[in-house]
Amino acid sequence: MSEPLLVCEHVSFSYRHQSVLRDVSFKVDPGEMVALVGPNGSGKSTLLHIAVGLVEPQEGTAKLFGKISGKARHHGRLGYVPQRPNLGDGLAATVQDIVASGRLTRTGWWRGRGADPSRAAIERALEAVDLVDLRNERVSRLSGGQQQRAFIARALAGEPELLVLDEPVAGVDVESQQGFRAALVDLVRERGGTVLLVSHELSAVAADLDRVIVLKERVRFDGPPAGLAADEGIHLGVHEADLPFWLERII
Amino acid sequence: MPWPFDREYMQLALLVGLVVGACAPLIGTFLVQRRMSLMGDGIGHLAFAGVAAGLLMGTSPTWTALVVAGLGAVLVERLRSRSGAQGDVALAVMFYGGIAAGVVLMSRSGAGSASVMSYLFGSILTVERGEVVLVMGLGWVIVLVIGVSQRGLFAMAVDEEWARVAGLPVGLLDTVFAVLTAVTVVTAMRVVGVLLVAALMVLPVASAQVLVGSQRGILVVSAGVGMVSVTVGLAVARWLGLAPGGTIVLVAVGIFIVVTIVGWSLSSRQTHSPGHGQGHENRQSDRSIFSKGHRV
């Protein structure tokens, strides 16, 4: 049995004396596609930030690839898609520029573009999110969905073993959601990758999920989507707009 | 060299001006992308305090300006990264604290108003050979550091959170960039003065953004626009007997206005051309930045 890529053990976190996470434990094994869901304010984003090393837990540990998160470089093994940044018109960069910067996780920031032999990874990432035709377009002129696809491609260009996504399809169009699903399925099923995503909008990938973790300060459910339907009557992909309300009912 | 660069003082001015005209937009590109366009102004005000300190102590104002501006830039960067949205307050502290300290120190140093004016508005026509060597050396440092770190700086400009997770040394790059900005401000101080130094960092970038869309394109074109602004500005200043610093900046403003108007007109023509459909729009974007990307 191979080692889990991500392990959170007994993680607790409070913000201004308000408990956000309490004794949270879960793991993500290689080859899994896992969704982390929960009502608003349930601590999902905080947990994700702890998992990738942006925030230190006040209690417990988070380990990526067997090492404490945020304390060691992962040399491209981790791909991260944060919530879509607010790009101003001042950002002069093409889609190709954004996607190519994803190779920094492999090559290091100080090397020139020519030092990276794997241009093919950039091409594959552009193809995976269907942005080849827009590669020379200025990214600040794209729609929100197209921008998000560019950021997913940036993460894919680093050829990660584990891809972590924070609200990747929030507010994006249906076409982009389908492109997003295709990219994730390709990563997991064709290339043996692993995905952990935080999202309320799971209709695009509901059928492809291996596991769902429901978080509300603590882990309330951890199992396959079918189990969530059987135990709680929540059908991912069916309960979409009202999913936070259904999750609120889980005790 | 032909007129107007037939005299030695004009040749020295052109040399210094070309170095500054090329380097200032290299830094300015990342300032604009990180929405810190006024950072150059703030550091310029601090540099003024450094100049005054140098005059008071009887040492080289350039070196004291470099030290004060460098330390101030690092301090402000620290304040900005910790205070988040309140970064503009840190800039305001620099603006007012720097200029006030400069005025007080200047009054104590007994420096004449001509000396004060030369630092406020530049004195490119009085540069000496030693200064040219210094400016060229600093210029090489700026080009070298930007060349090495541009990919990291770009990634941070796009998304600092992603850069941290990707393992980039965000704190180190922030510090290096702040020091580099201070070096550029002090280098450019002789050309256009502390009050106009930010203009030379930002205006060529604004023009380049209308002309090209890629990261590398912006760096190359903005440096080119900066050098053209300096060359034309110096020539016009000599021809009409104008202040060279202000003339250089006015030329940069003129280039931006012309480029923007041409950009609008080409963009408008493409939008109204027959057969301008969605697919056509995307293909156009490969060749011209004037086409607007469609939004879903």
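Note that the protein sequences, when read in sequence, are chains E and B. When we follow this note's numbering, the leftmost residue of the first sequence carries the number 1, and every step to the right adds one. When we follow this note's numbering, the leftmost residue of the second sequence carries the number 252, and every step to the right adds one. We put the CB at the ideal spot given by N, CA and C, even for glycine. Keep in mind it's a predicted model, so treat the numbers as computed, not measured.
- The stretch 444-511 of chain B is shown to contain whole alpha helix (DSSP H) runs of 4 or more residues at 448-462, 466-491, in chain order.
- Secondary structure note for E:Arg103: it is in no alpha helix (DSSP H), with a DSSP letter that is neither H nor E.
- Looking at the DSSP output, E:Arg138 bridges to E:Thr94.
- B:Met452 is the residue among B:Gly398, B:Ile350, B:Thr482, B:Met452 whose C-alpha sits nearest the C-alpha of B:Leu289.
- Those residues of the stretch 39-56 of chain E placed with their C-beta closer than 9 Å to a C-beta in chain B are His49, Val52, Gly53, Leu54, ordered along the chain.
- Here B:Tyr260 is exposed, its C-beta having fewer than 16 other C-beta atoms within 10 Å.
- Membership of E:Lys27 in any alpha helix (DSSP H) is not indicated; the residue belongs instead to the beta strand (DSSP E) covering 18-28.
- Each of E:Arg154, E:Asp186, E:Val132 was checked against the Cα of E:Arg106, and the nearest Cα belongs to E:Arg154.
- Under a 10 Å Cβ-count criterion, E:Lys71 is classified as exposed, with fewer than 16 other Cβ atoms of the shown protein chains found around its own Cβ.
- Scanning chain B for C-beta atoms nearer than 7 Å to the C-beta of E:Arg181 yields nothing, as the closest lies near 16 Å away.
- Look at E:Gln96: its C-beta is under 9 Å from a C-beta on chain B.
- B:Ala450 and E:Arg124 have their C-alpha atoms some 41 Å from each other.
- Interface criterion met: the Cβ of E:Arg154 is under 9 Å from a Cβ in chain B.
- Under the 10 Å beta carbon count, B:Gly363 is surrounded by fewer than 16 other beta carbons and is classified as exposed.
- Look at E:Ala93: its C-beta is under 9 Å from a C-beta on chain B.
- The beta carbon of E:Pro82 sits closer than 9 Å to some beta carbon of chain B.
- Around the beta carbon of B:Pro276, a 10 Å sphere encloses 16 or more other beta carbons of the protein chains shown; the residue is thus reported as buried.
- By the neighbour-count criterion, in which a residue is buried when 16 or more other Cβ atoms sit within 10 angstroms of its Cβ, B:Tyr347 is exposed.
- Close to chain E, meaning a Cβ-Cβ distance shorter than 8 Å, are the following residues of the stretch 400-413 of chain B: Ser400, Arg402, Gly403, Phe405, Ala406, Ala408, Val409, Asp410, Glu412, Trp413.
- Separation of the CB atoms of E:Val198 and E:Ser14 is rounded to 20 Å, and the pair is thereby denied contact status at 8 Å.
- Excluding the 5 residues flanking it on each side, E:Ser42 has same chain C-beta neighbours closer than 8 Å at Leu215, Lys216, Glu217, Leu247, in chain order.
- For E:Gly60, there is no enclosing alpha helix (DSSP H); the enclosing beta strand (DSSP E) has its first and last residue at 59-64.
- At a cut-off of 9 Å between beta-carbon atoms, B:Ala450 makes no contact with chain E.
- B:Ala459 belongs to the set of residues whose beta carbon lies under 9 Å from a beta carbon in chain E.
- Restricted to the stretch 312-389 of chain B, the alpha helix (DSSP H) segments that are unbroken, complete and at least 4 residues in length are 312-334, 338-360, 364-372, listed in chain order.
- For B:Met368, the number of other beta carbons within 10 angstroms of its own is below 16, and it is reported as exposed.
- Taking every protein chain shown into account, the CB of E:Pro57 has 16 or more other CB atoms within 10 angstroms, so this residue is buried.
- Between the alpha carbons of E:Leu187 and B:Gln401 lies a distance of about 30 Å.
- Counting along the chain, the unbroken beta strand (DSSP E) around E:Met33 starts and ends at 33-37.
- If you compare the alpha carbons of E:Leu48, E:Ala92, E:Ile68, E:Gly102 with that of E:Ile213, the shortest gap goes to E:Leu48.
- Counting other Cβ atoms within 10 Å of its Cβ, B:Thr438 reaches 16 or more and is therefore classed as buried.
- In chain E, no part has a C-beta under 9 Å from the C-beta of B:Ser519; the shortest such distance is about 16 Å.
- Within chain E, the residues Leu104, Trp109 have their CB atoms less than 8 Å from the CB of B:Leu419, given in chain order.
- Counted as a single uninterrupted DSSP element, the beta strand (DSSP E) harbouring E:Gly79 occupies residues 78-81.
- Considering only E:Leu5, E:Pro85, E:Pro30, E:Leu131, the residue with the shortest C-alpha distance to B:Glu411 is E:Pro85.
- Exclusion of the five residues before and after B:Val456 leaves Pro276, Gly279, Thr280, Val283, Ser473 as the residues of its chain whose Cβ lies within less than 6 Å of its Cβ.
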